[in-house]
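Contents: one structure, followed by commentary.
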Amino acid sequence: MKRWPATTDASQNAAMHRTWFFFYGTLSEDHENPVNRAILPLMEGGWRATVRGALRAVRGTDGWYPVLCVGRGRVAGRLYRSGPRFSARHLRSLDAYETYNPRNRGRSEYVRRAIRVRVSGRGWVMAQAYLHNRPCHPGLTVIACGDFTAWQRQRGLRAFGSAGN
1 MKRWPATTDA SQNAAMHRTW FFFYGTLSED HENPVNRAIL PLMEGGWRAT VRGALRAVRG
61 TDGWYPVLCV GRGRVAGRLY RSGPRFSARH LRSLDAYETY NPRNRGRSEY VRRAIRVRVS
121 GRGWVMAQAY LHNRPCHPGL TVIACGDFTA WQRQRGLRAF GSAGN
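For the record, in the sequence shown the residue sitting at position 79 is 79 according to our numbering, with numbers rising by one throughout.
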């Protein structure tokens, strides 16, 4: 996993507290991997939520993972809010996992952006999400149901970074 240069700016760490994140794939509690095992204990929530978009799947060398693209459908995921111990170092860990380099967005597979998220019974919130930074070409597998976890489990496929879920 790549690491981006560290910061010592305490104000950046303070700004990380109470940040909303929308995870629609292997970072959610529905999967198990080293990154979400380290990050999710630093967050609260895990509320079921949806965003507008289209979901596609990519078969990587270490399992399947989803990409969120522009679209008119609904994509299911989970909404989390960072807690007081979540820091800029943890955000860099998430960025590295998603192959996002804020200093070189053009070469990143994903970009982290604020998007509008709907939480059932709770309304709307703006949350950080990792969006696919490439065109959604026809060769990507369509996840018509908009739920990567359900799609992956129904087919018995291995999720990226997991031991077998």
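Even glycine gets a Cβ: it sits at the ideal position worked out from N, Cα and C.
Just so we're clear, the structure is a prediction, and the values are computed from it rather than from any experiment.
Output the boundary residues of the alpha helix (DSSP H) element that contains residue i.
i    : result
I39  : P34 to I39
A167 : Since the first residue shown for the chain is 1 and the last is 165, residue 167 is missing from the structure and cannot be characterised.
R153 : F148 to Q154
What residues in its chain sit with their C-beta under 6 Å from that of residue i, if we drop five residues either side in the sequence?
i    : result
I115 : V51 and A129
S28  : R78
Less than 8 Å between C-beta atoms, sequence neighbours within five positions excluded: which residues of the same chain meet that for residue i?
i    : result
R118 : A49, T50, V51 and W124
Per DSSP, what are the beta-bridge partners of residue i in this structure?
i    : result
C136 : Answer by DSSP bridge pairing: none, since C136 is not bridged.
I143 : DSSP, once it has assigned bridges, lists no residue as partnering I143.
Y110 : H132
E29  : Partner(s): none; E29 has no beta bridge.
S82  : M43
L68  : L55
In the DSSP assignment, the beta strand (DSSP E) including residue i goes from what residue to what residue?
i   : result
T19 : Here T19 belongs to no beta strand (DSSP E), and DSSP marks it neither H nor E.
Using C-beta distances below 7 Å, list every residue in its chain close to residue i, excluding the 5 sequence neighbours before and after it, in chain order.
i    : result
Q152 : W64 and A159
| Are at least three pairs of beta-carbons, each pair with one atom in the stretch 59-69 and one in the stretch 80-90, less than 8 Å apart? | Judged by pairs of C-beta atoms under 8 Å, the stretch 59-69 does not touch the stretch 80-90, as fewer than three such pairs exist.
| message | Using 8 Å as the cut-off, can you tell me whether the stretch 94-103 makes contact with the stretch 70-81, which would need three or more C-beta pairs spanning the two stretches below that distance? | response | Verdict: no, contact absent.
| contact_flag[the stretch 52-59, the stretch 144-156] where n(CB pairs < 8 Å) is 3 or more | The stretch 144-156 and the stretch 52-59 touch, with three or more beta-carbon pairs separated by less than 8 Å.
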